[in-house]
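For reference, the structure is listed below as structure tokens.
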Amino acid sequence: MNLPNNLLGLLNILTFLISIPIVVVGVQMNRVHGGGECFELFRKPVLILGVMIMAMSVVGIIGACCRVSWVLWIYLFAMLLLIISLFIVYGIALVVVWNSGGGTRLPGTELKEYKLSGYSEWLQNRVQGKSWDTVKNCLVVGDACSEMPKNDTALKEFNMKELNPVMSGCCKPLAECEFTYQSPTVWNKTKNASSNSDCKAWDNNPKVKCFDCNSCRAGILEQLIIAWRKAHFFKFALIGFLSVIYSVGCCAFKESRKKPDYWRQ
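Here my numbering is used: the first residue of the sequence shown is 3, the next is one more, and so on.
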């Protein structure tokens with residue numbers, strides 16, 4: 003009985019099963035519109051990672067269970083590249099999101115506002131030009147403001163609501179605009195409105211809102227950072243799990259080399 007090969011086969015079967023919900027979530031995120039899911043930098047990697055892990059687990063199962071040495075060698079090489087890539091990507095992500103964002107709470111309220119300048123230059127560049135046009139279209143199609151408080155919500159009650167970054171940045175004007183409140187999604191411009199470009203960009207039209215505002219860009223980035231931070235445990239747990247599988251794979255490959263017919267496999 004070849005313990006390393008059998009263990010590697012079982013671990014890859016487990017990995018394959020784990021990859022299924024990752025792929026499903028990735029596909030769903032690419033179909034759903036609204037919030038952070040509109041940002042390709044957030045949704046694309048999830049699907050790609052799930053597909054890569056699924057494909058590699060299949061190769062690992064073939065190499066381990068069928069004792070095909072050259073397949074096992076390719077599997078280990080690909081696994082090593084994946085682990086190194088994840089370390090690099092997660093390291094860069096950690097640097098990018100470190101001390102970024104957070105927003106500023108408005109005095110006397112539970113509302114937060116987000117400024118684009120509070121994020122790294124690299125992140126700011128991700129929400130410009132054609133990239134932002136794609137995000138904006140996603141927000142419109144997905145009706146990103148549909149979960150705002152009801153229209154009969156009084157201003158005092160609205161100020162005590164905790165809005166997520168996307169709703170705060172994209173679905174209402176900045177406080178400095180000093181617009182007249184009519185409902186959570188309807189604000190009337192005043193003569194003494196601020197000259198801030200976000201104030202000029204605001205429109206009560208559901209397809210316009212503040213989707214062209216820098217505050218909306220900041221809200222999307224903040225939502226992305228929140229998601230990245232929540233996924234930290236999963237990221238490092240995944241790297242640890244893949245490292246264990248890689249170690250078992252190395253043992254299985256070492257055992258396969260001891261066979262007399264190794265070079266003919």
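Backbone N, C-alpha and C fix where the C-beta goes; we use that ideal spot for every residue, glycine too.
Asked, Found
"Measuring alpha carbon to alpha carbon, tell me which of Q130, C173 and R107 ends up nearest A146.", "C173"
"Is the CB-CB distance between Y92 and K237 below 7 Å?", "yes"
"Quick one: Cα of D67 to Cα of I247, how far?", "It should be pointed out that residue 67 corresponds to Cys in this sequence rather than to Asp. Between C67 and I247, the C-alpha separation is close to 14 Å."
"Going by other Cβ atoms of all chains shown within 10 Å of its Cβ, with 16 needed for buried, is D200 buried or exposed?", "buried"
"Under 8 Å Cβ to Cβ from V48, same chain only, skipping five residues before and after it: list those, please.", "I24, V27, G28 and M31"
"I need the boundaries of the alpha helix (DSSP H) containing T136, first residue and last residue.", "G131 to V143"
"Can you check whether the CB of S102 is closer than 7 Å to the CB of Y121?", "yes"
"Below 6 Å CB to CB, which residues in the same chain sit around G251 once its five sequence neighbours on both sides are set aside?", "L10 and L78"
"Which residues bound the alpha helix (DSSP H) around Y77?", "S71 to V99"
"Rounded to whole angstroms, what's the CA-CA distance from E272 to N166? Just pull it up for me.", "Limits of the chain in this structure are 3 at one end and 267 at the other, which puts residue 272 out of reach."
"Alpha carbon to alpha carbon, how far is S249 from I85? Give it in angstroms, no decimals.", "12 Å"
"Would you kindly work out how many angstroms separate the C-alpha atoms of S148 and L19, rounded to a whole number?", "35 Å"
"With DSSP as the reference, label R231 as helix, strand or coil.", "helix"
"Return yes when the Cβ of V73 is within less than 7 Å of the Cβ of I64, no when it is not.", "yes"
"Are the CB atoms of N2 and T111 nearer to each other than 7 Å?", "Because the chain spans 3 through 267 in this model, residue 2 falls outside it and cannot be assessed."
"Can you give the beta carbon distance from V188 to C40, rounded, assuming they're within the 8 Å contact cut?", "That pair is no contact at about 23 Å."
"Excluding the 5 residues preceding and the 5 following A195 in the sequence, name in chain order all residues of the same chain whose CB lies nearer than 7 Å to its CB.", "C179, E180, F181 and C201"
"Applying the criterion that 16 or more other CB atoms from any shown protein chain within 10 Å of the CB defines a buried residue, is V210 buried or exposed?", "exposed"
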